[in-house]
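Count along the sequence shown starting at 1, add 57, and that's the number in this note's numbering. All C-beta atoms in this analysis are idealised placements derived from N, C-alpha and C, irrespective of residue type, glycine included. Presented below is the structure to which this report refers.
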Amino acid sequence: MSITTVVGTQWGDEGKGKVVDLMAGKADVIVRFQGGNNAGHTVIVNDDKFELHLIPSGILYAGKKAVMGGGMVVDPQALLEEIDGLKERDINFDNFFISDAAHLVLPYHLVLDRLEEEMRGPENLGTTSRGIGPAYVDKAARRGLRMGDLLHRERLASRLKAALNYHNRILEKAFNQEPFSYQEVFNSLWEAGRRLAPYITNTALLLDRWREEGKHIFFEGAQGTLLDIDHGSYPYVTSSTTVAGGVCHGAGIGPGRIDQVIGVTKAYMTRVGEGPFPTEDKGEQGKKLREEGHEYGVTTGRPRRCGWLDVPLLRHACRVNGIDILALTKIDVLSGHREIKVATAYRVDGEEIFEMPTDTDLLGRCEPIYETLPGWEGNLSQVKEYSDLPENARRYIEYIEGKMGLPIKLVGVGAERNQVILRGDL
Ligand code: IMP
């Protein structure tokens, strides 16, 4: 029996999909514990490409259980579209479970996400416009609706009325917008609820039963550590707990139950949306990384900002997640760079600092201090053995291991499921 968590160590888009997919193959149960359809995993199986936003990648494996945990926020319409799209491609949903405690993303959350971003003007966060922030606000304000409410017509009606009573006032009075019609929202929600009802259940209870039966349970994190509401570059973050601790409250598992945390890091860094990014390369090399790494958002299509690996940020991620093992993705994308830069410290206000500051404004002023490693040439996409990687690629990998004091047990060399080098058992 083992319980493993995979988390992103950067600003999301670390290539977790590949690692998650690989680990999902070994697990019996695959669980998402936070976030919503702001996430996007691309998984390529044979020549088929799947883009998953809400549903855990375990759904792609026959016989495995896929669970959406209570820490998620779920847009029922988006979920139904994803289910329908996968069913059309013959994916089976017999082992699919949605927590009755997961919160709903409702139409007014989408509108509020857009309006709040507009109101922030040049200070906007660059959200994915999926209503994620406003849905988590309602959860914390205790006026949210939950998946379980979809099962009870009267309760759904009364909770929706109360929520709309609040939100329509805000929309009309603060933002000068049209109110939502209670009846329309109710009808579409109830209809969605009828279709989702067979999957809605107490997933925390199920997870505990499966754990006792000795099943392998795998938690797939979405977004990344630097987008965590508490440990990220606040306020340029998402609204959920993206770090490994989020598994406990987001899925209802005690901290002592988690056996292993795997941190996924891309061989370079990217960020979508606003906020500081000390090692961002706005020049030719950054452009090369974007094009060769296909760095465009799965969810929004936005071009990602690109730059170099940042040791203080990675060390922070290893620490706050309690990472045991690292997985390094997209090393193939670095081929063809004469030199590879890695930030090992920052210079700020005349001082040298070695750790990520909590103060995001300070992080924004940090000038990276780089070490430069020699690059390498050649297409790595077919490399299967670690020893067959160019010497300088191995040197880069071992350099990161040395800086983090952690083993890199998986190296990604391409988007396909099998384009991966394993170094020992995961
Ligand atoms: P939100 O999660 O839509 O509220 O967006 C907040 C911030 O998180 C924005 O900078 C988004 O670009 C970023 N973000 C949210 N989800 C992802 C993701 O899956 N990958 C990368 N960035 C994300």
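Proximity test, residue i beta-carbon vs the ligand IMP heavy atom, cut-off 6 Å
i    : result
V100 : no
T282 : no
N181 : no
N475 : no
A96  : yes
G69  : yes
G489 : The requested residue 489 is not part of the displayed model; the chain covers only 58 to 483.
V131 : no
I286 : no
V318 : no
I397 : no
G190 : yes
T184 : yes
T295 : yes
G278 : no
V329 : yes
Neighbour-count burial assignment, residue i, 16 or more Cβ in a 10 Å radius
i    : result
T66  : buried
L262 : exposed
G69  : buried
P133 : buried
K387 : buried
Y223 : exposed
E71  : buried
H209 : exposed
A279 : buried
N244 : exposed
Presumed contact (8 Å Cβ cut-off) between residue i and residue j, rounded CB distance
i    : j    : result
L385 : I465 : 5 Å
L163 : V242 : 7 Å
V399 : L419 : Actually they are not in contact, since the Cβ atoms of V399 and L419 sit about 21 Å apart, beyond 8 Å.
G201 : H160 : 5 Å
V321 : K73  : 5 Å
R467 : L446 : In the sequence under discussion, the amino acid at residue 467 is Leu, which differs from the Arg named in the question. With a Cβ gap of about 13 Å, L467 and L446 do not count as contacting.
D381 : V318 : 5 Å
K122 : F154 : 7 Å
A356 : N181 : According to the sequence as given, residue 356 is Thr; it is not Ala. Not really, about 17 Å apart at Cβ, beyond 8 Å.
Proximity winner among the options, relative to residue i (alpha-carbon distances)
i    : options                : result
G309 : M125, F150, R212, R372 : M125
V329 : E341, E352, L346       : E352
E248 : L213, V470, N233       : L213
L264 : L253, F276, A254       : F276
G469 : M461, I478, I140, G462 : I478
V304 : A81, T61, F90, G82     : F90
Y291 : Y453, E424, G481, T415 : T415
P431 : R451, E349, G421       : R451
E409 : I397, G421, P425       : P425
K83  : G93, I101, G120        : G120
V63  : E473, N475, G459, L383 : L383
S215 : Y239, K230, A197       : Y239
T417 : A96, G332, G407, W267  : G332
E174 : H166, T184, Y165       : T184
G364 : T336, Y118, G358, A374 : T336
Any C-beta of chain C under 7 Å from that of residue i
i    : result
L161 : As a matter of chain content, chain C is missing from the structure shown, which is built from one protein chain.
Cβ-heavy atom distance, residue i to the ligand NAD, below 6 Å
i   : result
V77 : This structure does not include the ligand NAD; its bound ligands are the ligand IMP.
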